[in-house]
Amino acid sequence: MAAYEQEHHLTPNGWVSANRCYLGQVEEPKKEVPSDRVETWTEHTEQASTPGQKHTNWNLTWKSGFVRDERRGALRDQFPRPG
């Protein structure tokens, strides 16, 4: 089974994909964090050896202390998660 993690940053203009890790190793070069991000989420995916079978979950890993929860929720509604 293969596993990887992909970071995604929610900004006022939509989602920005960031660093991806395979087996704990970050792909190079590392990507910069957008200065206008309001949230950062980590998408964890486990790919089974059977083609087409995978399990994915999302975890909120950071949120701006300067953006209200209502505004962040509105941005998530406006811009569905990538993938």
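Numbering (the working numbering), first residue to last: 627 to 709.
Cβ coordinates follow ideal geometry from the N, Cα and C atoms, glycine included.
To the nearest whole angstrom, what separates the beta carbons of P660 and V642, a pair I think is in contact under 8 Å?
In the sequence shown, residue 660 corresponds to position 34, counting from 1. In the sequence shown, residue 642 corresponds to position 16, counting from 1. Contact flag correct, Cβ pair sits at about 5 Å.
Between which two residues does the beta strand (DSSP E) harbouring A644 extend?
Within the sequence shown, the letter at position 18 stands for residue 644. For A644, the enclosing beta strand (DSSP E) covers residues 640-648.
Range covered by the alpha helix (DSSP H) that runs through A628:
Mapped onto the sequence shown, residue 628 falls at position 2. Segment 628-637 is the beta strand (DSSP E) holding A628; no alpha helix (DSSP H) there.
Comparing C-alpha positions only, which one of D695, K657, G678, H635 sits nearest to S668?
The residue given as residue 668 occupies position 42 in the sequence shown. The identity of residue 668 in the sequence shown is Thr, whereas the question assumes Ser. The shortest C-alpha separation from T668 is found at H635.
Could you pull out every unbroken beta strand (DSSP E) segment of at least 3 residues lying fully inside the segment 670-702, listed in chain order?
Listed in chain order, the complete beta strand (DSSP E) runs (minimum 3 residues) inside the segment 670-702 are 680-689.
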